[in-house]
Each structure stands twice: as C-alpha cells, then as structure tokens.
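Q: Residue numbers (the working numbering): 17 to 665.
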Ligand code: MIC
Ligand code: SF4
C-alpha cells in the first residue's frame, strides 16, 4: 500500500508511537515560529525551562500582531522579544517586515521539514510541502528546547483537485468550498492532503491560501506536494537549494477522498459569523457594504495584491466604502511599489496599512455599527473586528474588490475581463528586517518592561474537585469568545492578572466577577469548544481565575492541549444529552478525580449536587496527558521529569 505525503514526512520525524490514527505520537520539530501576541508568554515559559539556547534547526520570533503602539505595552514587548531572540539564538522579524506566515513561506519554509508555530495558521507553509502545525506557546517552548511535539496521529483525507479555476474564481473559493462541505468541525483529527491534476494549475501563494484556511475546518494541518511549481517559487525567492520534490505514492491510501473540480467552482462567501457559513456570492448579492479589507495571512501575497490593484486600475472605491489594504510582507509591498501597482490603490482611494495582521485581529479598522464588512481574511467570529454587532463576510480578493467598487456585495464575474497576474521572474530579496542572533548570547540581558509579569505555576491536581458552574455555552465557542483580542486587550498578553479580567467579557460581562467571588469553578461547553486560535491565554487566564475543569461535548485540538498544559481538566460527556442536565450556578463535585487519573479510569462520574443527579464523563486523554494533568501542567511535568534525570528535552 502506498504512502501519503503527510505520513512520509511524519514517519521521518517520528520518535515515539506509531502512525495509527488516534494514537499519541511524538515528533521531532525542525523549525518553530512564534508571533508577538503568543510569543512573550512562550519565551517566559522557555526561560522557566532553563535551557541556554534553542535546539531547533531554526526558530523565528515574528512581530506582526501587536503593532499599534497606543501605550508603552506593545513597544516593551517588542524590546523584550528582541533581547530574548539574541540571547537564546532566534531570528527576530521586526515590526513592519510582515505577517509571520507570509514571511515564513517566503524566506524559511522547506519541503519535507516540520514546523511548529504558536499560531493556528502555521499550516500556511504546508503550501510548499511542509508538515506545519499550530500549537500553544508552551508546546512551542518545549520544542525550542529540543523536546518532541505530541499529538494524536491524524487521519489523512485526500483532496483530489481536477480542472482549472475559471477567471474571477480564486484559491480562496477552493477552501471556502471545502468549508461549505465539511464545516468548521469536519477536519478535526485530520490532515487535508491535496493531490490530482488540478494541483499544478495553482501557484504556491494560491496553495498557501488553501492550507492557511484549512485551519478553519479544525484540521491538524494541510499539505500540498512539492513539485516544479514549488521549485519555481523557490527560484523566485533565490533559495532553490532548499527545494526538493515530494509527493504521495501513486497508490497512496487516504481515509476519505474529497473531489473538487476547479473548473466548476464559483465565487463563494462566508456570511457572519462563522467561516463555515458559506454560500455562493450570488445568493447575497446586492447587500450594502461599508467596509472592505484586503490582507491577512490568507490573502496578502504578491499575487493577491496585484490582482486587487489590477482590478482597481482605472476604477474608484465606492464613496460609501472604506477600503483598507495590508500587504503580507515588505517584499510584497516593495514589489508593488517598484512595479507601479501601488498607485492603482492610491488612485482608487484605498487606505494603505502597514505589513501586519492589523484589522484581522481587531488592531484598528473596526467597522461601523451594524455595517457589512467584506474581508479577505479567514475568521469572522462575532466581535473579532472590534465592533460588537459586526457583520463580517469572508471572500476572495476578487469578490472583496468588486464589493469595494460597487458598494454592495457583488459577484466579481460581472466586472468584465479577468486580469491575469504572473509572479515576477525573481522577487527582490532584502532580509534587512530580520535580525540574526550573535554566536553567543550569554552576556545579553533580557529587557523587561513593567507590562511583563511573571508566570504563575499551578498546584498538582487535588484529590477531588468541587464548585459552581460559572458559565454554560453552546457549540463552536471560539477562543475569540473565551479570551478576546483586539487593540485594547491584546497588549495585555504578557500580563496575566490584567488580561484575565476580560475572560468571556463579550459573552457574559459578569463572568470574571462570579469566578472571583466563587474562587473559581467550572465551565460547560458544547461541541468543538475552543475552536479557532492557538492563544493559550484562553486556558492560562481561566486557570488564573481558578477554573478547575471544562466539561464539554467535544473540544478543538489546540485548545484542549492548552487546557492540559495549564492543568485545567478537559472532560467530555459520555452521553451528550447530559449537557442538558447541568446549568449555570449548579454546584458540582468530581469525587476522587486524582485517583481516577492515577488508575487510568476511562469514565467516572460528576455529582450535580443542585439537581441531585450523577453524570458520566470521560477524560479521553493519553497516558502522558493524564500525567501532565496530575502534575498541574506541562511546566511542572517537564521540570519534574528533568529533575528525576529523565531526558524530556
Ligand atoms: C488569530 O488569528 O486568532 C491569531 C491572533 O493569529 C491567533 C493567535 C493569537 O491569539 O495570538 C491564532 O490564530 O492562533
Ligand atoms: Fe494575523 Fe489574522 Fe493571520 Fe491571525 S489570522 S496570524 S491575526 S493575519
């Protein structure tokens, strides 16, 4: 039986376990990336591990999220990150250089290598045939120290592409089509691997758009083969030495096959407020639009911006619309400046923003009250834009620009001839906003501002747990709802006492008060609890508030790992209907939980003392994860193993 490309790469990095879907595996990590909003915490954790220098082949610390400097906080964090990178041997990407995923694809991605990033869209580099996975900062810190990355071995779904995209239909429509078919939960526990004759019709930036937004299906990662088209991309980036051919065996066996005929696709759009709420653009055509944003790690490549510029050439943005453009990298901005395309944006009346995440994470450009904003981004969770009642639609660059011109949702095919964009022969390479570390960082002092607070460490798991249900939420609660981001809250990422005051603030403004009055308690969740980002603050801040366990119908992968890493017990209902037997303010007890974990019980009960009933729950955790929970989190676990002379790093 032939092998999938994903399993070939996983096999060559496998250190523990075997490639059986669902079983725990430990893989070697070649490269890591962090961004500033998750990075400060990751480096505090790396410091706590006490390792003098990163042990990976390459670790990069990007600054791209917290770039608005409305107070000292973000600037202090940037300085901290720069000193940490120099001391521990990381490459630092300065603010203004671009968005981590776009930059990593351009400058550091290598087919066949593994990349672990403290950002959920790390799979972008899967566009060149890497196994690139998003994780919490602590997992990345451990990997930087040379430790393995543990995950449940995913199944591999084959996505067979045939045909060729018609004009005005974009790579973004391919991933929107997949989301339309399998939804925001359909990729959980799976890798999406692309193959078939349609692959060669897509350029690397297009492939990267698809692997980037595969994250929204809940997939562990997504991957394309590395072929002649990939080679051309590496030639353009002047690093063809990093390229090699990689593909699945012709008789590779996939657990399931999704077939997409590119020729038959049409422009699609995700309606508010879920990336899975996808319909044909035609279905919502005519709705008035007041904001259009082009950019984000999904759609900010040279190809994307050139397409936008060429469509805008000789046209104007509607007077009713405010249009912003955030280039993915300095390289992209330089290219469109030098070839003159930048002026088409200016002449059309678009607002140019810096090369950063910007509006995608609510760092400015919040839309007006109740207005429709069409964005080329990957997420439209309610309130993420910074406006409470936002109406964010997600589309391709083509559709978004058509909306900007007409001031209403528009199928871009009505705009006439499709402007074809070729990538330049060679991109101009200027690495000057990357700072390489000195050979020896021993004497470098880490600079900490007053916003950087130290890390609290949790106690080992108690004999039994008891307390109140502090909140009960429904299905698909995202980490944006648990721990919001945006320009006011993101600068507090290095300050746990301060940021914890915002947990669930958009869902239930009294949550924090209740948590403090009750010395913590429990959370009840529906399906796919914690979907979306990798932010470990969605576990760390609840831990700080004394949350002991989250009991849910099911969890999203990264958030579940983050809960375990910080000693919050994730439990699943054995019978999903029992979700209805437990409500906010109920008093519950989980007797002998410590013993259950020690003896490895696969099910046990929680007592709902208010309702006088018992409910069966299961931990659904591997042995190593149970041990981590018993220790009160991954930091305690790693330190103890280390002190006992066990080589964990
Ligand atoms: C996001 O898109 O939600 C983020 C902001 O990039 C997050 C990381 C974070 O919260 O810092 C992600 O995707 O992991
Ligand atoms: Fe940045 Fe948005 Fe991409 Fe997250 S999804 S890394 S906030 S551009």
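Glycine residues also receive a C-beta, built at the ideal position from the N, C-alpha and C atoms. Treat the numbers as computed from the prediction; the structure is a model and nothing was measured.
1. With a Cβ-Cβ cutoff of 7 angstroms, do residue 107 and residue 76 count as a contact?
2. My output table needs one value for residue 230: the three-state DSSP class, helix, strand or coil.
3. Could you tell me the boundaries of the alpha helix (DSSP H) in which residue 555 lies?
4. I'd like to know if the segment 446 to 458 and the segment 19 to 37 are in contact, where contact means that at least 3 CB-CB pairs between them fall below 8 angstroms.
5. With residue 165 as the anchor, note down where its beta strand (DSSP E) starts and where it stops.
6. Can you look up residue 407 in the DSSP assignment and give me helix, strand or coil?
7. DSSP has residue 204 in a bridge; who is on the other side?
8. Straight-line CA distance for residue 372 to residue 633?
9. Just reading off the beta strand (DSSP E) that residue 51 is part of, what are its end residues?
10. Check residue 499 in the structure and name its three-state DSSP category.
11. Can you tell me where the beta strand (DSSP E) with residue 5 in it begins and where it stops?
12. Cβ-heavy atom distance between residue 135 and ligand 2 below 6 angstroms?
13. So within the segment 501 to 528, which uninterrupted beta strand (DSSP E) runs reach at least 3 residues, ignoring any that extend past its ends?
14. For the putative contact between residue 671 and residue 351, defined by C-beta atoms under 8 angstroms, what is the C-beta separation to the nearest angstrom?
15. Alpha carbon to alpha carbon, what distance is there between residue 469 and residue 585?
16. If you draw a straight line from the alpha carbon of residue 159 to that of residue 497, how long is it in whole angstroms?
17. Would you check if there are 3 or more beta carbon pairs closer than 8 angstroms linking the segment 272 to 287 to the segment 304 to 321?
18. In three-state terms, what does DSSP make of residue 581?
19. Residue range of the alpha helix (DSSP H) that residue 153 falls in?
20. Determine the DSSP secondary structure at residue 547, reduced to helix, strand or coil.
21. Cβ atoms of residue 546 and residue 495: under 7 angstroms apart, would you say?
22. Closer than 7 angstroms by C-beta to residue 491: which residues in its own chain qualify, once you throw out the five before and the five after it? Chain order, please.
23. Between the segment 374 to 389 and the segment 406 to 416, do at least 3 Cβ pairs fall closer than 8 angstroms?
24. At a threshold of 6 angstroms, does residue 377 count as lining ligand 1 (C-beta to nearest heavy atom)?
25. Sort 621, 375, 146 and 478 by Cα distance to residue 392 and report the nearest one.
26. Mind the definition here: the segment 242 to 254 touches the segment 162 to 176 only if three or more C-beta pairs lie below 8 angstroms; say whether that holds.
27. Do the segment 170 to 188 and the segment 268 to 280 meet, that is, are 3 or more Cβ pairs less than 8 angstroms apart?
28. Should residue 193 go down as buried or exposed, given a rule of 16 or more other Cβ atoms within 10 Å for buried?
29. In terms of residue numbering, what span does the beta strand (DSSP E) encompassing residue 289 cover?
30. Given that a residue counts as buried once 16 or more other Cβ atoms are within 10 Å of its Cβ, and exposed if not, what is residue 430?
31. Figure out for me which residue from 504, 512, 209 and 324 has the closest Cα to the Cα of residue 143.
32. Compare the C-beta of residue 400 with all C-beta atoms of chain D and state if any pair is closer than 7 angstroms.
33. Alpha carbon to alpha carbon, how far is residue 114 from residue 346?
34. Would you tell me roughly how many angstroms separate the C-alpha atoms of residue 262 and residue 86, rounded to the nearest one?
35. Could you name the residues that DSSP lists as bridge partners for residue 295?
36. State the Cα-Cα distance for the pair residue 415 and residue 59, rounded to the nearest angstrom.
A: Straight from the coordinates:
1. The sequence position of residue 107 within the chain shown is 91, counting from 1. The sequence position of residue 76 within the chain shown is 60, counting from 1. For residue 107 and residue 76, yes; Cβs fall inside 7 angstroms.
2. Residue 230 sits at position 214 when you count from the first residue of the chain shown. Three-state result, residue 230: helix.
3. Within the chain shown, the letter at position 539 stands for residue 555. 553 to 560 is the extent of the alpha helix (DSSP H) around residue 555.
4. no
5. Within the chain shown, the letter at position 149 stands for residue 165. Element bounds for residue 165: 165 to 168.
6. Indexing the chain shown from 1 puts residue 407 at position 391. Three-state result, residue 407: strand.
7. Position 188 of the chain shown, counted from the start, is the residue given in the question as residue 204. 235.
8. Taking the first residue of the chain shown as 1, we reach residue 372 at position 356. Taking the first residue of the chain shown as 1, we reach residue 633 at position 617. Their Cα atoms are separated by approximately 43 angstroms.
9. Within the chain shown, numbered from 1, the residue matching residue 51 stands at position 35. Looking at the DSSP string, the run of the beta strand (DSSP E) that includes residue 51 is 47 to 51.
10. Stepping through the chain shown from its first residue, residue 499 is reached at position 483. Coil.
11. What the structure shows of the chain is the stretch from 17 to 665, and residue 5 is not part of that stretch, so it cannot be assessed.
12. Looking up residue 135 in the chain shown gives position 119. It does: the Cβ of residue 135 is within 6 angstroms (strictly closer) of some heavy atom of ligand 2.
13. none
14. The requested residue 671 does not occur in the structure, where the chain is confined to residues 17 to 665.
15. Stepping through the chain shown from its first residue, residue 585 is reached at position 569. Stepping through the chain shown from its first residue, residue 469 is reached at position 453. Spanning the two alpha carbons is a distance of roughly 25 angstroms.
16. Position 143 of the chain shown holds residue 159. Position 481 of the chain shown holds residue 497. Taking the straight line from one Cα to the other gives about 28 angstroms.
17. no
18. Looking up residue 581 in the chain shown gives position 565. Reduced to three states, the DSSP call for residue 581 is helix.
19. Here residue 153 is taken as the residue at index 137 of the chain shown, counted from 1. Residue 153 -> alpha helix (DSSP H) spans 153 to 160.
20. Translated into the one-based positions of the chain shown, residue 547 becomes position 531. Strand at residue 547.
21. As a working mapping, residue 495 is identified with position 479 in the chain shown. As a working mapping, residue 546 is identified with position 530 in the chain shown. Contact: yes.
22. Here residue 491 is taken as the residue at index 475 of the chain shown, counted from 1. Answer for residue 491: 542, 543 and 544, listed in chain order.
23. yes
24. Indexing the chain shown from 1 puts residue 377 at position 361. Yes; taking the cut-off as 6 angstroms, the Cβ of residue 377 has a heavy atom of ligand 1 nearer than that.
25. Translated into positions along the chain shown, residue 392 becomes position 376. The shortest C-alpha separation from residue 392 is found at 375.
26. no
27. yes
28. For the purposes of this step, residue 193 is taken as residue 177 along the chain shown, with counting starting at 1. Looking at its Cβ environment, which holds 16 or more other Cβ atoms inside 10 Å, residue 193 is buried.
29. One-based indexing of the chain shown puts residue 289 at position 273. Segment: none, residue 289 is in no beta strand (DSSP E) and carries neither H nor E.
30. The residue given as residue 430 occupies position 414 in the chain shown. Exposed: under 16 other Cβ atoms inside 10 Å.
31. Position 127 of the chain shown, counted from the first residue, corresponds to residue 143. With distances taken between Cα atoms, residue 143 lies closest to 209.
32. No chain D is present in this structure, which holds just one protein chain.
33. Against the chain shown, residue 114 aligns to sequence position 98. Against the chain shown, residue 346 aligns to sequence position 330. Approximately 6 angstroms, taken between the alpha carbons.
34. Numbered from its first residue, the chain shown carries residue 262 at position 246. Numbered from its first residue, the chain shown carries residue 86 at position 70. Approximately 46 angstroms, taken between the alpha carbons.
35. Position 279 of the chain shown, counting from 1, holds the residue named residue 295. DSSP lists 285 as partners of residue 295.
36. Residue 415 sits at position 399 when you count from the first residue of the chain shown. Residue 59 sits at position 43 when you count from the first residue of the chain shown. Answer to the nearest angstrom: the Cα atoms are 40 angstroms apart.
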